[in-house]
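Note sheet for the following structure.
Chains as they are written, first to last, in our numbering: chain A, 715 to 831; chain B, 44 to 154.
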């Protein structure tokens with residue numbers, strides 16, 4: 715069965731520390747997409763990144779970077795020099811095509827990151 | 044940011060009453076989705092739509108119905124609200140089926 719596991723329920727760091735959020739997924743498909751979403755205390759869900767299964771290049775966007783490794787079925791997210799504004803719940807998600815052209819989005823349980831000043 | 048609004052943003056209702064939540068988009072995206080978010084369960088898909096009048100069930104559809112008469116609007120109806128439907132409801136949209144963008148959410152409390 716398709717599954718996304720975020721083993722870290724909560725992480726607490728001090729500002730300026732680097733932090734890595736782990737995501738491990740299970741799928742039988744060869745074509746799929748992986749996502750990270752951020753949910754700040756205000757409650758909205760913010761799209762951060764999408765990766766398709768054929769692109770294993772790591773990506774960097776400012777202080778954020780993502781490491782995709784098919785060999786270990788992992789898609790980890792690193793925040794460098796964390797800031798208080800990074801405090802949020804972060805969700806990893808897996809998207810797979812199902813019949814009718816619809817893509818099913820399967821979410822992990824989320825990791826709550828608290829960054830303290 | 045994708046233009047998605049949800050109304051109402053907060054609602055308190057009583058068990059047994061019907062409730063309708065509205066999702067409105069200004070992006071003309073084909074796909075629309077309703078999720079609920081509950082502690083310990085993450086986000087779970089209730090229903091989705093792949094076009095006007097084209098809808099299908101998600102993993103937790105019991106007790107919910109949807110309608111989509113216009114591209115921009117996707118309504119979620121709880122025919123007879125129960126306390127187990129107390130949750131935060133999110134609407135999402137996507138043009139291609141892959142990337143979904145979420146609305147601000149609706150907090151529903153069923154007493």
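Backbone N, C-alpha and C fix where the C-beta goes; we use that ideal spot for every residue, glycine too.
For this session: Could you work out which residues of chain B lie near residue 747 of chain A, taking near to mean beta carbons separated by less than 9 Å?
Result: Per Cβ cutoff of 9 Å: 141, 142.
For this session: May I ask you to list, following chain order, the residues of the stretch 105-134 of chain B that have a beta carbon less than 8 Å from some beta carbon of chain A?
Result: Residues passing the 8 Å Cβ filter: 131, 133.
Exercise. Any C-beta of chain B sitting closer than 8 Å to the C-beta of residue 776 of chain A?
Worked result: No - not a single Cβ of chain B is within 8 Å of the one on residue 776 of chain A.
Exercise. CA-CA distance, residue 832 of chain A and residue 763 of chain A?
Worked result: There is no way to answer for residue 832 of chain A, as the model of chain A reaches only from 715 to 831.
Problem set entry | Interface residues of chain A facing residue 147 of chain B [CB-CB closer than 8 Å] | Chain A residues near residue 147 of chain B: 757, 758.
For this session: Classify residue 799 of chain A as helix, strand or coil using the three-state DSSP reduction.
Result: In the three-state DSSP reduction, residue 799 of chain A falls in the helix class (H, G or I).
Exercise. Between residue 810 of chain A and the rest of its own chain, which residues show a CB-CB distance below 7 Å, the 5 nearest in sequence each way excluded?
Worked result: Result list for residue 810 of chain A: 716, 741, 743, 746, 817, 818, in chain order.
Exercise. Closest by CA to residue 118 of chain B, which one among B:46, B:67, B:103?
Worked result: Nearest of B:46, B:67, B:103 to residue 118 of chain B, Cα basis: B:67.
Exercise. What residues in the stretch 44-67 of chain B have a beta carbon less than 8 Å from any beta carbon of chain A?
Worked result: Within the stretch 44-67 of chain B, no residue has a Cβ that lies closer than 8 Å to any Cβ of chain A.
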